[in-house]
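Here's the structure we're looking at; comments come further down.
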Amino acid sequence: MTERPLLRIQDLDLRFYTYEGVVEALDRVRLQIKDGETIGVVGETGCGKSVTGFSELNLIPPPGKIEGGKILLQKNDQWINLLRQRDAYLRTVRGKDISMIFQDPKSALNPVYTVRQQIAEAILHHRREELCLKLLEDSKNAVESLKRGNLSEHEKAKLTKSVLSKREKRMLGRMFKDPQGLIVRIASRIPVLNRFKRRFNREVTREVVRMLKDMRIPDPDRVAEMYPHELSGGMAQRVVIAMALSCNPKLLIADEPTTNLDVTVQLQILNLIKDLKKKYGMTIQYITHDMGVIAEMCDRVAVMYAGNVVELSEVLEMFKNPLHPYTKALLECIPRPGTELKSIEGFVPGLIDPPKGCRFHDRCPYAMEKCVREKPEFVSAKKDHQVLCHLYTGEIR
Amino acid sequence: MRRLILAIPVLLGAVILIFAVLQFLPPGMRVSVFITDPKQARYWRLIAEQNGLFDPVYVQFYYWLKALIIDHNLGLDITGLPVFDAIMRRLPATIEIVMYASPLIVFIGLTLGVQAGANKDKPIDQGSRILAIMGTSLPSFWFGIVLLSIFYAGLGWFPPQRYGQEVLKYFSNPNSPWQWHTGLVTIDSLINGQWWIFVDGVRHLILPITVLSLLNSAVMVRVTRSSMLEALGKDYITAAKAKGLSKKEVVNKHARRNALIPAITISGLMIASLLTGVVITETVFSMGGIGQYAAESARLLDVPPVIGYALLSAVVFVLSNLIVDVLYAYIDPRIRLG
Amino acid sequence: MVGERPLGLTFLATLEAILSVIQLNVGILLLIVGNPLPQALPGLDVGLTWIVLVGTGVLGLLVGYYLWSGQALGWLVATGLLVADVIFRILLPVMFGAAWIVFAIFLELDMVILYYLTRPSITTFFGGETIRAVLEKERVEMQPRIKEIKFTLKLVRKSSLSIIGAAIVFFYVFMALFAPILAPPGDLTQGGDPMMMPKDGSGLIPIAPSMKHPLGTMQGQYDIYYGCVWGARSALRIGIYVAGGSLLIGLAIGILAAYYGGWMDEVLMRLTDIVLAFPGLILCMALIVVLVPTGFARLDAVMLALVIVGWPGYARLIRGEILRIKNEDYVEAAKSVGCSDFRIIRSHILPNSIYPVLIVFTLDMGTIVLAAAALSFLGLGAVMGYADWGQIISLSLNWIYSNPNSPFQYWFTFIIPGIFISIFVLGWNLLGDALRDILDPTLRRK
């Protein structure tokens, strides 16, 4: 894990314009994700943790609208504001630089397409050139190896399969340059001429199966041809993860991926994600409401409440030394055997007409008069530990 | 498979229903099924007795069914012609209209519905809504009359009936080399190489086909649109967008397939509305098909042709629903693989 | 109060139930035998009488049930209600005539009283609370309901299409109710039946609109204006009877099938399938062609045929809805808390399943009138001269080709009645669509 920041969310404002009023879903949210870390975003339902993730991909559906702020992504040594980009550019980011996995895996998969088709779709969208080149490379290497000789019959047979004819190479070249070109499209349909397409598809399928194997799915060839409704919950989630990781993204946003699964499956998936991180080295933004998962998976954690990030620190630090009253209350609510169950008094404020000052003030045991009037600043109370609370605004560092 | 087995008792039941309906009539009227020669009418009582019309119900049913299936005897119409022959003679006219109208309906319905759903509240959506409203509010016969008065009586472009005067003269001329192959004007004229007959046929066909397709596609547009809207709200659409697909790709590849599935089930119903639409349209435009035959017979309260047409439509409808069910199972993997 | 049924209450309840059953039977008898009662307003006839009678009869049964289940209060109020009920129900149908309107008002009263009988706060009233306290409790409890109603009205107001639809429907109802004033039958009526259009002469050629005949005359010199205005009556009548009839029959069969399940369900559904194996209008044609020689009047045959063809739709719909709701989680939750079957049906299944039926009903009003018009056009519906829109158009076909130089010479014979039909159907369609958007709970909160 490096100290280099990968994604920065600055003063993000998100509003939903509904019949009942304007919902202030996100209010000057600030977040910084470092390259290679696993950051958890934790909070109750409705606190805005999921929409933060969607905002990063600029996938907020109407009537929602991002009203202000910046989302900066570190790409090619440059900072790019994702909120200011055109859709065409964002489409190269989605799935390739930033990927997302969802809460309900079965509904995230299209029921009328097979697993292979759906993962292949992602691969085709972003890695088409790479695979074309790979095919051409393999062909060249195969030709050379065959020329050198000294091969068993079996190896010879295998290599000849990789050799491409001139025509096929030409078609692949065309596909490389212009995948939607008329010639490519027509040729793909005609039986003899479409050999190049079939080889390409076979390569893609190989990639798909490889991904599925990485996800520790047994019998990946068979699973690839299955439809989503034939899969179990855990299997479906693995497929979704495979789909998300198929193009090697820098950032993986995991939106409560294990909430809908059985506890045993949950553990499997969590371990899988940890191992995948070791293998692929991507940054993970883990959105959840489960403190246990945070403790297990994350390096840093951001606590959200009612559309604000109220605390941001390293995981151990948060558990040992929670600063924000909400965080403290949350930790106290974790059931411990032998002690009474505790809860936080009051209700989460409605976001249509949110409180003017600190949004937690009506439930906060430390509330001061200032908290009702004025919204606190997001300050560093300690090194690498930021809080949104008036209690700590004196200790600016 | 289960559907196939269920369809049989339904068909049987339909036939029984028709028979039960027929039983309402006194034997004097029902005897026409068995009269093959108008001269026999004087002896109807005898014939009725012979054919068991005074016998108990189940005996009658047996004879009636036998006559129906084995002899395809649907009785005689009011002019003394066997109903079956009359229907066969007029069938090509109806088939010609239906054959062009159905793909048009499916095409308009599906494409317009998909586009309307994908572009909610934009002009194309508003346009489709207007079409849908028109289709469900306008009486088809009235629409036909209005079009007729504009385009025929007014502009003279698209005449009613099947053939113009010239073509009729040509057909009735014993020296003309014309050969009927399929009975359909548009096809046969091309086979015979008579281009002008083809044009004439098309001119006559345009109005009835327009009336049929426009009004019937309304339902399809509505259904497709709403199923498209439903599909677009699903999670996998968001997931697809998160993969980086463009809006067009998302609509065409993901939403459309899922939206079309419910629309397919409607196409079964479309056959029913076509069967009824044909009756009205053929009457308005005087196309000489089985629909008009049924309508005219009904007007004269002539029972056998109407019953014959009802039976025919029931068979066609049930069969086409079966086909649609099979298609549906084929397209939706959830049903195919259980 | 449950479990503690005073004897008097049981007696009253049983009496109420018996009276209602008698009333139902009288109503059915009237339908079969024909209407020997004098008619207050021309055009309103046996069918409507029947509907009113049956309606109040059913309500009476409900009152009886509530009384019996002990949810009602002091027998004092119950007795009072019953006495009034008895008077109205036995005497009024005999006196009929102008009393019809009073009858209708009592119908409303009945429903209101019925509702209040079941309010728990009322129960406590007779346990000793003051009226003010009761009213206050009522107000608090009604608040969320009132809020919902206000919200619904707001939605209605926002959707301009629904307003247009409602306006159109009101316009036609107005026209139908006040037809005798808008187009007085006068002395040109055929044989005293106001539903037959007045004939002015016996020429065949339609005459263009003029002062005497504002919308012209059709073939045979029938006044088109008269036909269109009174046609509204005909259309509404056909619509209500057929839609109402198929609704009742369809609901009954569908509910039976869904409730009992098993082989009854199978049998009933096969029956539905058999009728649905025929395209609607075609089966209608076949039925009419058989019914008319058997002695039915034309229009009655049309209506009967349309009902026979229409009930399967409702049956399937309500059965589907009930089955769907039965499987929903909240029904299971209610069962697990110990709700009785009846309560589940009343509070959960019925309210949720009724919406699609309502929507289909409004849409049906339009479709049925269209179908009837098509049948009239084909010559199977109203006889010539009857005030029915389809009938007017059917004769206009001849006159389009008559004069090649001016094809629109007889435009009034078909354009005008056609517009009447189209707008009528349009109004109901818009209303149905608006209802769909407004009542569907998932679409309400956008």
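Chains as they are written, first to last, in my numbering: chain A, 3 to 399; chain B, 444 to 781; chain C, 534 to 979. The beta carbon of each residue, even a glycine, is placed where N, CA and C say it ideally should be.
Assigned with DSSP and collapsed to three states, His128 of chain A falls in helix. Excluding residues up to 5 positions away in sequence, Ile877 and His881 lie with their Cβ nearer than 7 Å to the Cβ of Ala867 of chain C in the same chain. In this structure Ala712 of chain C touches Ala765 of chain C by the C-beta definition: roughly 7 Å separates them, less than 8 Å. For Asp806 of chain C, the residues of chain B that pass the 7 Å Cβ criterion are Val453, in the order they occur in the chain. Per the Cβ contact rule, the segment 703 to 710 of chain B is in contact with the segment 662 to 679 of chain B (3 or more Cβ pairs under 8 Å). For Phe584 of chain B, same chain residues with a beta-carbon under 6 Å away, outside a window of 5 residues either side, are Ile723 and Val727 in chain order. When the beta-carbon positions are compared, Lys686 of chain B and Glu132 of chain A stay at least 8 Å from each other. Secondary structure note for Glu316 of chain A: its beta strand (DSSP E) is the uninterrupted segment Asn310 to Glu316.
Comparing alpha-carbon positions, the option among A:Asp257, A:Ser190, A:Val312 and A:Val114 lying closest to Glu227 of chain A turns out to be A:Val114. Put simply, the CB of Asn962 of chain C is near chain B, with a gap under 8 Å to one of its CB atoms. Scanning chain B for C-beta atoms nearer than 9 Å to the C-beta of Ser929 of chain C yields Ile588, reported in chain order. Taking C-beta separations shorter than 7 Å and ignoring five residues to either side along the sequence, the partners of Arg605 of chain B in its chain run Ala536, Val628, His647, Met730 and Gly731, following chain order. Ranked by Cα distance from Gly175 of chain A, the options A:Lys136, A:Ser234, A:Arg208 and A:Thr329 are led by A:Lys136. Relative to Arg86 of chain A, the option among A:Lys108, A:Leu59, A:Gly97 and A:Asp99 whose CA is nearest is A:Leu59.
DSSP places Lys77 of chain A in the strand class (E or B) of the three-state scheme. With contacts defined as CB atoms closer than 8 Å, Leu9 of chain A and Leu75 of chain A qualify as a contacting pair. Among the CB atoms of chain B, none fall inside 8 Å of the CB of Ser692 of chain C. Per the coordinates, the alpha-carbon of Ala830 of chain C lies some 12 Å from the alpha-carbon of Val823 of chain C. DSSP places Gly70 of chain A in the strand class (E or B) of the three-state scheme. Met729 of chain C carries a strand assignment under DSSP once its states are collapsed to helix, strand and coil. A Cβ of chain C is located within less than 8 Å of the beta carbon of Phe584 of chain B.
Sequence-distant Cβ neighbours of Gly71 of chain A in its own chain, meaning closer than 8 Å and more than five residues away, are Ile11, Gln12, Asp13, Leu14, Asp15, Arg30, Val31 and Leu85. Runs of the alpha helix (DSSP H) spanning 4 or more residues and lying entirely within the segment 817 to 891 of chain C occur at 831 to 859, 862 to 870 and 874 to 877, in chain order. Residues are counted here when their Cβ sits less than 8 Å from a Cβ of chain A; for the segment 698 to 710 of chain B these are Arg700, Asn701 and Ile704, given in chain order. Put simply, the CB of Tyr771 of chain B is far from chain A, with every gap to its CB atoms at 8 Å or more. A direct Cα-to-Cα measurement between Leu553 of chain B and Val654 of chain B gives close to 18 Å. Separation of the CB atoms of Leu675 of chain B and Gly556 of chain B is rounded to 13 Å, and the pair is thereby denied contact status at 8 Å. The residue from A:Thr40, A:Lys158, A:Gly236 and A:Ile243 with its alpha-carbon nearest to that of Gly97 of chain A is A:Ile243. Each residue's CA atom was taken as its position, placing Leu717 of chain B and Leu908 of chain C some 16 Å apart. Straight across, the Cα-Cα distance linking Ile121 of chain A with Cys249 of chain A is about 10 Å. Here Ala683 of chain B is buried, its C-beta having at least 16 other C-beta atoms within 10 Å. Cβ proximity to chain A below 7 Å picks out Lys677, Asp678 and Tyr679 from the segment 666 to 679 of chain B.
Using a Cβ-Cβ cut-off of 8 Å, Ser756 of chain B is close to Phe811, Pro812 and Ile815 of chain C, given in chain order.
Pairing Met237 of chain A with Asp264 of chain A, the inter-Cα distance amounts to about 12 Å. The beta carbon of Arg803 of chain C falls within 8 Å of a beta carbon belonging to chain B, placing the residue at that interface.
In terms of Cβ geometry, Val453 of chain B and Ala810 of chain C form a close pair [threshold 8 Å].
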